[in-house]
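Read the structure below first, then the notes.
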Amino acid sequence: MRSATGPRRTVPTQLAALAAGVTEATVRKWASRGKLTRYGRPGRAEYDLDELRSLVVDGRRKTVE
2 MRSATGPRRT VPTQLAALAA GVTEATVRKW ASRGKLTRYG RPGRAEYDLD
52 ELRSLVVDGR RKTVE
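Using my numbering, the first residue of the sequence shown is number 2, and each one after it goes up by one.
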């Protein structure tokens with residue numbers, strides 16, 4: 002996925018978890034369930050910040066409704 006402003010911005014699992022306010026295990030679980038796309042090489046997972054942001058915002062909307 003490319004953002005409207007340019008190339009995909011990916012971060013490692015630890016930073017993705019920090020950005021989303023969840024644990025690293027949760028980020029990995031989202032990826033294994035198909036909610037979040039995993040990029041990177043074996044042993045070095047990375048996640049798209051825009052995709053992560055959308056997932057977190059959508060999840061918060063559902064809990065508020």
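Where a beta carbon is used, it is the ideal one built from N, C-alpha and C, also for glycine.
Bear in mind the structure is a predicted one, so any value in this text is a computation, not a measurement.
Q: Report the residue ranges of all beta strand (DSSP E) runs contained in full by the segment 4-58; include only those spanning at least 3 residues, in chain order.
A: 11-13, 39-42, 45-49
(Q) Residues in the same chain with beta-carbon distance under 8 Å from THR11, minus the five sequence neighbours each way, listed in chain order, please. (A) TYR40, GLY41, GLU47, TYR48, ASP49, LEU50
Q: Find the nearest neighbour of PRO8 within the set GLU52, ARG61, VAL58, GLY22, judged by alpha-carbon distance.
A: GLU52
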